[in-house]
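Using UniProt numbering, the first residue of the sequence shown is number 1, and each one after it goes up by one. Notes for the one structure printed next.
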Amino acid sequence: MEHAVEEGLHEAPGSSFNEINDTLLFITMVWVVGKVFSRLGMPTLIGEIAVGVIMGPHLLDVVPKFEALMLYGEVGLMLLVLEAGLDVDIEMLKLIGARGVGVAVSGSITPLAIASFLSSQVIGLDWKASLAVGCTLAPTSMGIALNVLKRGKVLNTPTGQLIIAAAVLDDVIALILLAELQVFEAERVQPLRALLPLVASVGLMLGIGWLGTAVVPTLMARGMARVPEKHREKVLLGVLLFLAIVLVPTCHNLGSSHLLGAFLAGLCFCSDERAHRAWGKQVKRVLQWLLRIFFAATIGFEIPIRDFFSAEVFGQALLLFVAVLGKVATGFWVMPLRTAEFFKVGFAMAAWGEFAFITATTARAEGIIDQKTFSAVILAVVISVVVSPILLRWTIVRSSRHAVASIEAAAQSTVKSYVCASTHVPSPPSAEGATRQPSLEEARRSLLRSPLAQPCFPLLLARLPVITPRLHAVQAPVCYHLHTQSSACWGLNARLLDALSDQSLHVLDFRSQHADYVINELYLKDLRLHAPPTTRLPPHKEAAVRQRVSGILAVLSPIFADGGTVTLVRWLPVADKTTATATPPLAAEEGGAEGGGSGGSGGGGGGAGGRVGGRAAAAAAAAAAMAASAGEEAEEYEEVDLFKSYKSQRPQTLEGFVNKTSGPLLGPVEPSDARGWRA
């Protein structure tokens, strides 16, 4: 016996070397082609799948022992699902509220229904195969959407956060559908057996989800206090992996999907930043390579590329791609409902990704769908992976240009007002309507406060007597800078946007950042009130702006009744494309922080303006420090788009479009019942 084993070990050493060499060549090609596709602006998984298809058993067949590589890919998939649970952001789900649930549910049920109907009525599949096709085209790829949103710098907007929240919930729905799909392998599906995976999955989600978010953090905090600091991350990672080893077979034996067990294990540690940090240090790079193998081997080796050239398969794939309309329709949940925001959500949700491949492969392995249907489904998924990011990127670019143009238009109205004032001499006021004109010294101070006065300062000084009345005669929409800070609560963003819409306030830009607490920064244009675009206002306009600001704050304050601060500042847009940062707040000559309480005057704008500017500078400095510390690791994640997690890419600043065309912050007014934020 031992002699036979020794002979087997030493037999044909050349073939063993060839296997090692071919495997190394395959892995290298997967990495290289993935990088090439990334540089071309396409998802890396397309290049990795292409390598698997070409070098796999259906075409060149040069990869030895491909079953082993497919097994490693399955391990990578399990770790990916575990990371998806670890990456759940409870605070963001609270902020988005019911809209995130609506996008996830409608974005899964609608394409499922469309694909099932087309498969049954047009293609002619039986009900089980039709339902399996529908389940395959229900999930959304969060990794693809996350990459495009981050590169488009809209990840910290309400629309970007809505997409991520919906994609997280969509993953949960996909896991439940996958568990349900495995029941259909039997010839006759019994009703009770069909309900078992659904009941088990929902029960496990609710039970372990509650334990993971309410009990586990407390227990781990007490336990980690007894562990030396240098060993805490390793212990946390060990507990996380041990919990996954326990929950994966538990979920499988209870009739649910084993992948749900991996997701729940990660969910138990989703609120522990140390666990997330340990995962990034110890597992992330290993996971990247395992996922490359998953797409190249586990998925790529299963794709019958020769069938793609069949007219019947290609026609069925195009027909099934129609189900993507159910994903695009999720844009109706966006708020406010604008064309650009509608298509941002729709195209982001339209990318079928990893779970679509998993479900299709499972359905074929269980004998629910045949090879031809599998090929058509896979081709439809590949088309969506290519087309959806392109359309999403195009929509973001157009929307960003429109947003910047809106801000520049507000700034140009200010510039035109000054030009009009300096080129037209007003007629003398009548005796009945005569009012006291500002003194020369008051006009001089007003102009010195304006950054627009700098380029034409000598001309303005020479024409002070005729400019000042004209400036007060020109009217422009009043703009505001709104800053809120609070703890997260259910549906906060939706209630805030509803309140602003009711007050006829047009949102020019909305940025949000949350870690320990939620900070929202909005730039608004008033559709009701107009005032001269000057730092100082006539008395009657100052009173009108003050009254308007007080009314807005009275509406917004109840939204943050559980603790928080709301600051509303009059903002004077200034067209300045030469700088990438906001114009420094004006230094007040008098009034200081007290003068800021006037609501529209520029007398005390320096106080709060300085505070807002200081916060922005501090946030930018912190973000720069974090980016520098990330170093090579962050650069690697930038290229491997599908393997990103939201928390590792979560915005650390409130930088937005207004930073390109900004102006001074004038006259803060805080609510009389402003509440200090409580941690």
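Built from N, CA and C at the ideal position, the CB exists for glycine as well.
From the options, residue whose alpha carbon lies closest to that of residue i
| i | options | result |
| --- | --- | --- |
| L529 | R511, R536 and H506 | H506 |
| R69 | V239, L267, I27 and P228 | The sequence given here places Leu at residue 69; Arg does not occur at that position. For L69, the nearest C-alpha among the options comes from I27. |
| A167 | G367, D126 and S106 | S106 |
| N253 | L25, A265, P197 and T330 | P197 |
| Q503 | D509, P558, I552 and Y480 | I552 |
| L337 | L178, F309, M205 and T159 | T159 |
| Q182 | I378, V101 and S256 | S256 |
| V53 | L219, T298 and L24 | T298 |
| M205 | C268, A221 and P217 | C268 |
| V202 | L178, R401 and M142 | L178 |
| R364 | L131, I293, A329 and S16 | L131 |
| S557 | L492, Y523, L572 and L211 | L492 |
| S141 | D126, A165, L93 and V154 | A165 |
| D272 | G124, V239 and W289 | V239 |
Boundaries of the beta strand (DSSP E) in which residue i is found, first to last residue
| i | result |
| --- | --- |
| S486 | A476 to S486 |
Residue i to residue j span [Cα, whole Å]
| i | j | result |
| --- | --- | --- |
| A262 | Q547 | 55 Å |
| A488 | G223 | 27 Å |
| V51 | I303 | 11 Å |
| G209 | E229 | 28 Å |
| R285 | K327 | 32 Å |
| N156 | R511 | 5 Å |
| R570 | T535 | 9 Å |
| A174 | R226 | 39 Å |
| A104 | D171 | 9 Å |
| F321 | D562 | 46 Å |
| L169 | K65 | 37 Å |
| residue 695 | T359 | In the structure as shown, the chain starts at 1 and stops at 679, and residue 695 therefore has no counterpart that could be examined. |
| L325 | L118 | 13 Å |
| I245 | E180 | 22 Å |
| A593 | L260 | Note that A593 scores a pLDDT of 29, beneath 50, so its modelled location is shaky and nothing firm can be said. |
| V81 | L247 | 13 Å |
| L22 | E366 | It is worth fixing the name first, because residue 22 is Asp in this sequence and not Leu. Cα to Cα, the separation comes out at about 31 Å. |
| Q121 | G315 | 15 Å |
| V555 | V549 | 10 Å |
| E408 | L527 | 17 Å |
| E67 | E91 | 41 Å |
| G73 | K153 | 32 Å |
| L77 | W31 | 18 Å |
| S310 | L319 | 14 Å |
| L146 | L45 | 14 Å |
Residues that DSSP places opposite residue i in a beta bridge
| i | result |
| --- | --- |
| S512 | N520 |
| G564 | S486 |
| D526 | L505 |
| A531 | A476 |
Residue i Cβ short of 8 Å to the ligand NAP heavy atom set
| i | result |
| --- | --- |
| E74 | Inclusion of the ligand NAP in the displayed structure is not the case, the ligand content being empty and no account of it being possible. |
Contacting residues, own chain, Cβ-Cβ under 6 Å from residue i (five flanking each side not counted)
| i | result |
| --- | --- |
| I144 | P43, A351, G353 and P389 |
| L287 | L79 |
| E7 | For E7, the pLDDT reaches just 49, beneath the cut-off of 50, and the residue's location in the model is therefore unreliable, leaving the point undetermined. |
| F184 | K128 and I368 |
| G134 | L112, A115 and S116 |
| L497 | M335 |
| T136 | A356, T359, A360 and V377 |
| residue 687 | An answer regarding residue 687 cannot be provided, because it is not within the stretch 1 to 679 covered by the chain. |
| A323 | P111, I114, A115 and L137 |
Other residues of its chain near residue i: CB distance less than 7 Å, five sequence neighbours each side excluded
| i | result |
| --- | --- |
| T395 | A340, F343, K344 and F347 |
| R232 | M224 and R274 |
| Q282 | L237 |
| L40 | none |
| E19 | P64 and K65 |
Extent of the continuous alpha helix (DSSP H) to which residue i belongs
| i | result |
| --- | --- |
| L572 | Note, L572: premise wrong, no alpha helix (DSSP H); not H, not E. |
| H276 | E273 to Q282 |
| V555 | P539 to L556 |
| M224 | V216 to M224 |
| T128 | Thr is not the amino acid found at residue 128; the sequence shown has Lys there. W127 to T136 is the extent of the alpha helix (DSSP H) around K128. |
| M335 | Here M335 belongs to no alpha helix (DSSP H), and DSSP marks it neither H nor E. |
| L93 | I90 to I96 |
| N156 | Counting along the chain, N156 falls outside any alpha helix (DSSP H), and DSSP gives it neither H nor E. |
| C251 | R232 to N253 |
| G41 | Where G41 is concerned, there is no enclosing alpha helix (DSSP H), given that its DSSP letter is neither H nor E. |
| residue 683 | Residue 683 is absent from the structure shown; the chain starts at 1 and stops at 679. |
| E302 | Where E302 is concerned, there is no enclosing alpha helix (DSSP H), given that its DSSP letter is neither H nor E. |
Cutoff 8 Å; reference residue i; Cβ partners in own chain excluding five residues on either side
| i | result |
| --- | --- |
| F332 | F342 |
| D307 | V313, Q371, K372 and S375 |
| R495 | I559 |
| V216 | C268 and F269 |
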